[in-house]
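Q: One structure is given below, represented as structure tokens, and several questions about it will come after.
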Amino acid sequence: MIEVEHLVKYYGGNCAVDDVNFSVAQGEIVGLLGPNGAGKSTIMNILTGYLSSSAGRVSVAGLNVLDDPLEVKHRVGYLPEQPPLYLDMTVEEYLIFVYNLKGCTFNRTKHLAEICEVVKIQDVYHRLIRNLSKGYRQRVGIAEALIGNPPVVIFDEPTVGLDPKQIIEIRNLIRTLGKDHTVILSTHILQEVQAVCDRIIILNKGRIVADERTENINRAVESTRRYRLRVCGPQRDVAALLRSRPDVTYVETLPERDDDAYCYLLESKTGVDVRKSLFFALAERGWAIIGLEPMGVSLEDVFLAVVESEEKDARTAKKQRRRGGAGVGAEKDLAQSILDETAKKQEAVAPYDGKD
Ligand code: ADP
Ligand code: MG
């Protein structure tokens, strides 16, 4: 449905998008994830024909964005980072205005009523946009994108500035839309892509550093064996015992303490369940386990590790250490495998010769 090949965008001398390649299949929900300034909005503006690229080729539904900008706009519904709403119009007036602007031929009343039902704005339909909350304005922006029933919808940071309840509602809405639309959304919130998207593309400084199906990332993340352990016993001795075990690959003492119990983060060798042997080893010394929870690696750890491996940014590494993630072991391995796979995919795209 969407093909992006060797996309490059310069703003003056500043390269905002640097040789980006990806394609999105029909019906897929893809999340563009990345820190601020990574190039997400720039890519979306190019996909929707609002910005020209410096080089590369972008097509939507088989149409080249440069050659057929109008046709492409008919097929793409776009919610920009700042939806351009006319505050002095009512929701109804505004949607009718957009309907006319898009040259829609559906039955207007029926079409707008359907959209309002999907995005749940019936109760504010006759209100001035100026008086709507941020959440409702965002929905009006989404309604606008859906007018004309475009097969592709692109949402730039759709949940930014919303409260938790509104965020969940918008996420559910996006999931519903994913049933019969191809969706690309950008966010810098990790749980968002994890909750909504089939696939995650991580951008950093204009380059794709990871492109992976969410389920693969989740599976990899779940399969790592990391535990938070609480043990009653002298901290140094317990830590030493844990470190001496061949099935434990990493031990960190955590700052939490509760009476004579200390907290540790540990990682076991892959494929080994250390829990039973740990229980007996500690019990033998008279140290009681009062807590043992599997922690897994969060997507956030992977994201930080991906970005960190890419740029060896000292600050990121520090932040990661502070969070207790330590940046060692599981998430590093996982990040590296994602980086390697992605680099292979990016390299596999044939060079673009400027012709279609
Ligand atoms: P994101 O949406 O991921 O936060 P953007 O696409 O907005 O990233 O920005 C990518 C880079 O391009 C940033 O370094 C930003 O400063 C720069 N940039 C974005 N828009 C413009 C513009 N209109 N003129 C000059 N530089 C820009
Ligand atoms: Mg942006």
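For the sequence shown, position 138 (counting from the first letter as 1) is numbered 289 according to our numbering, and the numbering increases by one without interruption. For glycine and all other residues, C-beta sits at the position ideal for the given N, C-alpha and C. Quantities reported herein were computed from a predicted structural model and do not represent experimental measurements.
How long is the line joining the alpha carbons of P234 and Q289, rounded to whole angstroms?
A: Against the sequence shown, residue 234 aligns to sequence position 83. Against the sequence shown, residue 289 aligns to sequence position 138. Going from the Cα of P234 to the Cα of Q289 covers about 7 Å.
Q: Heavy atom of the ligand MG less than 7 Å from the Cβ of K191, yes or no?
A: In the sequence shown, counting from the first residue as 1, residue 191 sits at position 40. Checking the Cβ of K191 against the ligand MG gives yes.
Q: For L198 and V209, which I take to be in contact (beta-carbon distance under 8 Å), what is that distance rounded to the nearest angstrom?
A: Reading the sequence shown from its first residue, position 47 is the one you call residue 198. Reading the sequence shown from its first residue, position 58 is the one you call residue 209. 6 Å between Cβ atoms; contact.
Q: Classify V155 as buried or exposed, calling it buried when 16 or more other Cβ atoms lie within 10 Å of its own Cβ.
A: Numbered from 1 along the sequence shown, position 4 holds the residue referred to as residue 155. Under this definition V155 is a buried residue.
Q: Straight-line CA distance for K495 to Q487?
A: Within the sequence shown, residue 495 is the residue found at index 344, counting from 1. Within the sequence shown, residue 487 is the residue found at index 336, counting from 1. Their backbone Cα atoms lie some 12 Å apart in a straight line.
Q: Suppose you measure from the CA of I247 to the CA of V291; what does that come to, to the nearest Å?
A: Indexing the sequence shown from 1 puts residue 247 at position 96. Indexing the sequence shown from 1 puts residue 291 at position 140. Approximately 12 Å between the Cα atoms of the pair.
Q: Report the three-state DSSP secondary structure of R226 (helix, strand or coil).
A: Within the sequence shown, residue 226 is the residue found at index 75, counting from 1. It is helical.
Q: Closest to K330 by CA distance: which of G163, D170, G178, G182 is it?
A: The count along the sequence shown starts at 1 and reaches residue 330 at position 179. Out of G163, D170, G178, G182, G178 has the C-alpha closest to the C-alpha of K330.
Q: With DSSP as the reference, label V171 as helix, strand or coil.
A: Numbered from 1 along the sequence shown, position 20 holds the residue referred to as residue 171. DSSP places V171 in strand when its eight states are reduced to three.
Q: Distance, Cα to Cα, S284 vs V275?
A: Counted from its first residue, the sequence shown places residue 284 at position 133. Counted from its first residue, the sequence shown places residue 275 at position 124. Straight-line Cα distance between these residues: approximately 10 Å.
Q: Between D169 and I293, what straight-line distance do the alpha-carbon atoms span, to the nearest angstrom?
A: Here residue 169 refers to the residue found at position 18 of the sequence shown. Here residue 293 refers to the residue found at position 142 of the sequence shown. Rounded to the nearest angstrom, the two C-alpha atoms are 29 Å apart.
Q: Helix, strand or coil for C255 per DSSP?
A: Residue numbering aside, residue 255 sits at position 104 when the sequence shown is read from its first letter. C255: coil per DSSP, three-state reduction.
Q: When DSSP labels each residue in this structure, what does S428 get in the three-state scheme?
A: Position 277 of the sequence shown holds residue 428. Three-state DSSP puts S428 in a helix.
Q: Determine, for V291, whether the minimum Cβ-Cβ distance to residues of chain B falls below 8 Å.
A: In the structure shown, chain B cannot be found, because there is only a single protein chain.
Q: Enumerate in chain order the residues of its own chain whose CB-to-CB distance from V423 is below 6 Å, with the five nearest sequence positions on each side excluded.
A: Counted from its first residue, the sequence shown places residue 423 at position 272. Cβ within range, chain order: D398.
Q: State the start and end residues of the unbroken alpha helix (DSSP H) segment that holds A296.
A: Numbered from its first residue, the sequence shown carries residue 296 at position 145. That run of the alpha helix (DSSP H) goes 285-297.
Q: Within the same chain, show all residues whose beta-carbon is closer than 6 Å to that of G190, passing over the 5 residues directly before and after it, in chain order.
A: Within the sequence shown, residue 190 is the residue found at index 39, counting from 1. Contacts found: A167, V168, L354, G357.
Q: Quick one: residues in its chain with C-beta nearer than 6 Å to the C-beta of K470, no 5 flanking neighbours on either side, listed in chain order?
A: Locating residue 470 in the sequence shown gives position 319, where the first residue counts as 1. Low confidence applies to K470: its pLDDT is 47, below 50, so where it sits in the model is not reliable, and the reading given next is rough at best. Closer than 6 Å at the Cβ level, and outside the excluded window around K470, lies no residue.
Q: Could you round the C-beta distance between P302 and A212 to whole angstroms and report it? I think they count as a contact, below 8 Å.
A: Locating residue 302 in the sequence shown gives position 151, where the first residue counts as 1. Locating residue 212 in the sequence shown gives position 61, where the first residue counts as 1. Going by Cβ atoms, the distance from P302 to A212 rounds to 6 Å, so yes, they are a contact pair.
Q: So T404 packs on E418, CB below 8 Å; how close in whole Å?
A: Along the sequence shown, read from residue 1 onward, the residue named residue 404 stands at position 253. Along the sequence shown, read from residue 1 onward, the residue named residue 418 stands at position 267. Contact flag wrong, Cβ pair sits at about 14 Å.
Q: Using the C-alpha atoms, what's the distance from G384 back to T493?
A: As a first step, residue 493 must be located in the sequence shown, where it is residue number 342. As a first step, residue 384 must be located in the sequence shown, where it is residue number 233. Answer to the nearest angstrom: the Cα atoms are 45 Å apart.
Q: So what's L236 in DSSP terms, helix, strand or just coil?
A: Position 85 of the sequence shown, counted from the start, is the residue given in the question as residue 236. L236 falls in the coil class under three-state DSSP.
Q: Going by beta-carbon coordinates alone, are V171 and L184 separated by less than 8 Å?
A: Within the sequence shown, numbered from 1, the residue matching residue 171 stands at position 20. Within the sequence shown, numbered from 1, the residue matching residue 184 stands at position 33. Going by C-beta atoms, V171 is not nearer than 8 Å to L184.
Q: Return the CA-CA distance between A361 and T241, expressed in angstroms with no decimal places.
A: In the sequence shown, the residue the question calls residue 361 occupies position 210. In the sequence shown, the residue the question calls residue 241 occupies position 90. Their Cα atoms are separated by approximately 42 Å.
Q: Return the residue from the list L393, K271, R408, R278 that minimises the CA-CA distance to E320.
A: Taking the sequence shown and counting its residues from 1, one reaches residue 320 at position 169. Per the Cα distances, K271.
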